[in-house]
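Take a look at the structure set out below.
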Amino acid sequence: MTAKRWVLFFLSILVGTGLGLYYGWVVSPVEYVDTIPSSLRADYKADYCLMVAEVFESEKDVEAAARRLALLGSQPPAAIASAALDFARQNGYAPADIQLLQDLTLALQVWQP
Amino acid sequence: MSEKRGPWFLFTGLLLGIGLGVAIAWGIPQSEPVNTAPASLRADFKDEYRFMIAAAYTVSGDLGRARARLATLGDPDPLLALGEQAQRLLAANVSIERVRILANLSEALQSQPLATPNDKTTPPLETSTPSEQQPPAVEPLPTTLEPTEDSNQPSPTPTTTDTPFPTRPLFPTATLRPTRTLTPTPGAPFALINQSTFCDPQKPGLLQVNLKNALGQPAAGQELVITWFAGEEHFFTGFKNEISPGYADFKLTSEIEYALSLSEGRTRITGLIAPVCTSEDGKPYPGSILLEFRQP
Chain A
2 MTAKRWVLFF LSILVGTGLG LYYGWVVSPV EYVDTIPSSL RADYKADYCL
52 MVAEVFESEK DVEAAARRLA LLGSQPPAAI ASAALDFARQ NGYAPADIQL
102 LQDLTLALQV WQP
Chain B
-16 MSEKRGPWFL FTGLLLGIGL GVAIAWGIPQ SEPVNTAPAS LRADFKDEYR
34 FMIAAAYTVS GDLGRARARL ATLGDPDPLL ALGEQAQRLL AANVSIERVR
84 ILANLSEALQ SQPLATPNDK TTPPLETSTP SEQQPPAVEP LPTTLEPTED
134 SNQPSPTPTT TDTPFPTRPL FPTATLRPTR TLTPTPGAPF ALINQSTFCD
184 PQKPGLLQVN LKNALGQPAA GQELVITWFA GEEHFFTGFK NEISPGYADF
234 KLTSEIEYAL SLSEGRTRIT GLIAPVCTSE DGKPYPGSIL LEFRQP
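Protein chains in written order, with the numbering used here: chain A, 2 to 114; chain B, -16 to 279.
Printed below as a string of structure tokens:
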């Protein structure tokens, strides 16, 4: 095989690799199942925190709120709530929702487990 | 003499490359999944997420938001999923309050249809498709929205392939409603309109209850209390929608007398004993009881 043919051969491998990567990453990517809440996308985490904050507003049970937030990872519940609050502020959540998250964050910051 | 060869080596190289590319894309997993969606959660975590959606709805009363949140779980039938979760909770003998929370949302979803696409009371939900390469331009959202019970359409179920998350919140945000405690909807007590027994070897010893409201529609989310000498259990209509939203059933034990209460005890049926039936091979088995109620 001539040198030219070798070059073309390796070029075709490169092109094929690109096509394969496109297929594997874009057309038919790996889908994860049985994931855990700590792997959720930031907006879903923030919305889950908002749900906890909504319930907290009614129940006023900090311990229950902390327990629910623990689902989102090993960070302290106050840190999780604070991250959700930051996300809410950066993404234009309604003032009422931001207030709920603020209240929850504050309650968790002063809470002693 | 020169040997003429076709361009088949290029095709071979292409195939090898494609195989290599796919092997790299699929074969090198991330150390751990990131940016996942609720639809990919493990079943027990999904249950917890679903319960929080119902609990948040109980407080806020925002059905549109609850519907959009449920859609992210990717359940083929969110109502069925709610019902099955409630059944699991009942079987696990957890607090009846938790079951009521799920029943509350289930009843609301069944009683209130989706808004039409022309509903302008809430802004359209952000959608993202795999073809999006850039986040959409940020537009300021209204600081307060009209609280609504319905949204335009549920948000699509994202997958892990979603491009960078939108810079707008995924769900419509609404002005907080006053907190509300969970109280039963007042109304005339259900009245018994039919009581019958039947033998079905496929479903032995079943107390079947069908509830209809004053409009003749199946009444979902109604609490039923069954008592007997050794105990008491609570169950709800609306968790077996494949039969009817107003249907509920309870497994009876032979030779035990039960009493059924509903409408907060204003309706009570006593003396419920599973009839004795005989199978084709002459063996006895417990029959079933059907009770039909309707609000006047």
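Note that the Cβ used here is the ideal one computed from N, Cα and C, for glycine as well.
Ordered along the chain, which non-local residues of its own chain (more than five positions away) have a Cβ less than 6 Å from that of residue i?
i: residue 241(B); result: 209, 211, 255
i: residue 187(B); result: 268, 269
i: residue 52(B); result: 36
i: residue 86(B); result: 204, 219
i: residue 148(B); result: Caution is warranted here: a pLDDT of 40 is assigned to residue 148(B), below 50, making its placement in the model unreliable, and no coordinate value can be reported.
i: residue 76(A); result: none
i: residue 239(B); result: 211
i: residue 44(A); result: none
i: residue 261(B); result: 267
i: residue 1(A); result: In the structure as shown, chain A begins at 2 and stops at 114. Residue 1(A) is therefore absent and cannot be evaluated.
Helix, strand or coil: how does DSSP classify residue i here?
i: residue 229(B); result: coil
i: residue 119(B); result: Bear in mind that the predicted position of residue 119(B) carries a pLDDT of just 39, short of 50, making it unreliable; the figure below should be weighed with that in mind. Residue 119(B) falls in the coil class under three-state DSSP.
i: residue 3(A); result: coil
i: residue 239(B); result: coil
i: residue 182(B); result: coil
i: residue 41(A); result: strand
i: residue 8(A); result: helix
i: residue 53(A); result: helix
i: residue 268(B); result: strand
i: residue 223(B); result: coil
i: residue 75(B); result: coil
i: residue 55(B); result: coil
i: residue 42(B); result: helix
i: residue 20(A); result: helix
i: residue 119(A); result: With chain A covering 2 to 114 only, the question about residue 119(A) has no answer from this structure.
i: residue 93(A); result: coil
Take residue i and list the residues in its own chain whose beta-carbon comes closer than 7 Å to its own, dropping the five residues that flank it on each side.
i: residue 74(A); result: 39, 81
i: residue 125(B); result: A caution first: residue 125(B) carries a pLDDT of 35, below 50, which makes its placement in the model too unreliable to give a value.
i: residue 183(B); result: 271
i: residue 58(B); result: 64
i: residue 73(B); result: 82, 218
i: residue 23(A); result: none
Who does residue i pair with in a DSSP beta bridge?
i: residue 244(B); result: 208(B), 251(B)
i: residue 174(B); result: 277(B)
i: residue 216(B); result: 209(B)
i: residue 201(B); result: 195(B)
i: residue 187(B); result: In the DSSP output, where bridge partners are listed per residue, residue 187(B) has none listed.
i: residue 19(B); result: 41(A)
i: residue 234(B); result: 189(B)
i: residue 106(A); result: DSSP, once it has assigned bridges, lists no residue as partnering residue 106(A).
i: residue 259(B); result: 269(B)
i: residue 36(A); result: 24(B)
Report the residue from the options whose alpha carbon sits nearest the alpha carbon of residue i.
i: residue 81(B); options: 196(B), -6(B), 219(B), 180(B); result: 219(B)
i: residue 225(B); options: 11(B), 202(B), 62(B); result: 62(B)
i: residue 223(B); options: 235(B), 215(B), 205(B), 216(B); result: 205(B)
i: residue 329(B); options: 275(B), 247(B), 251(B), 235(B); result: Nothing about residue 329(B) can be reported from this structure: the residues present for chain B run from -16 to 279 only.
i: residue 71(A); options: 89(A), 50(A), 59(A); result: 50(A)
i: residue 98(A); options: 39(B), -7(B), 33(B), 183(B); result: 39(B)
i: residue 22(B); options: 60(B), 197(B), 71(B), 247(B); result: 60(B)
i: residue 31(B); options: 68(A), 20(A), 21(A); result: 68(A)
i: residue 64(B); options: 75(B), 79(B), 92(B); result: 92(B)
i: residue 195(B); options: 177(B), 185(B), 181(B); result: 177(B)
i: residue 54(B); options: 185(B), 20(B), 262(B), 261(B); result: 20(B)
i: residue 192(B); options: 232(B), 216(B), 263(B); result: 232(B)
i: residue 94(B); options: 56(B), 261(B), 50(B), 185(B); result: 50(B)
i: residue 263(B); options: 243(B), 56(B), 237(B), 185(B); result: 185(B)
i: residue 61(A); options: 112(A), 28(A), 91(A), 8(A); result: 112(A)
Taking 8 Å as the cut-off, decide whether the C-beta atoms of residue i and residue j are in contact.
i: residue 267(B); j: residue 227(B); result: no
i: residue 57(A); j: residue 107(A); result: no
i: residue 86(A); j: residue 103(A); result: yes
i: residue 279(B); j: residue 213(B); result: no
i: residue 175(B); j: residue 274(B); result: yes
i: residue 13(A); j: residue 3(B); result: no
i: residue 17(A); j: residue 229(B); result: no
i: residue 25(B); j: residue 36(A); result: yes
i: residue 47(A); j: residue 88(A); result: yes
i: residue 21(A); j: residue 1(B); result: yes
i: residue 89(B); j: residue 221(B); result: yes
i: residue 19(A); j: residue 5(B); result: no
i: residue 41(B); j: residue 84(B); result: yes
i: residue 15(A); j: residue 54(A); result: no
i: residue 94(A); j: residue 16(B); result: no
i: residue 9(B); j: residue 31(A); result: yes
Spatial neighbours of residue i within its chain, please: C-beta separation below 8 Å, excluding the five flanking residues on both sides.
i: residue 4(A); result: none
i: residue -9(B); result: none
i: residue 179(B); result: 272, 273
i: residue 173(B); result: 194, 202, 205, 245, 246, 250, 276, 277, 278
i: residue 215(B); result: 208, 209
i: residue 64(A); result: 112, 114
Report yes if the C-beta of residue i is less than 7 Å from at least one heavy atom of the ligand PLP; otherwise report no.
i: residue 59(A); result: In the structure on display, the ligand PLP does not appear, and there are no ligands present to speak of.
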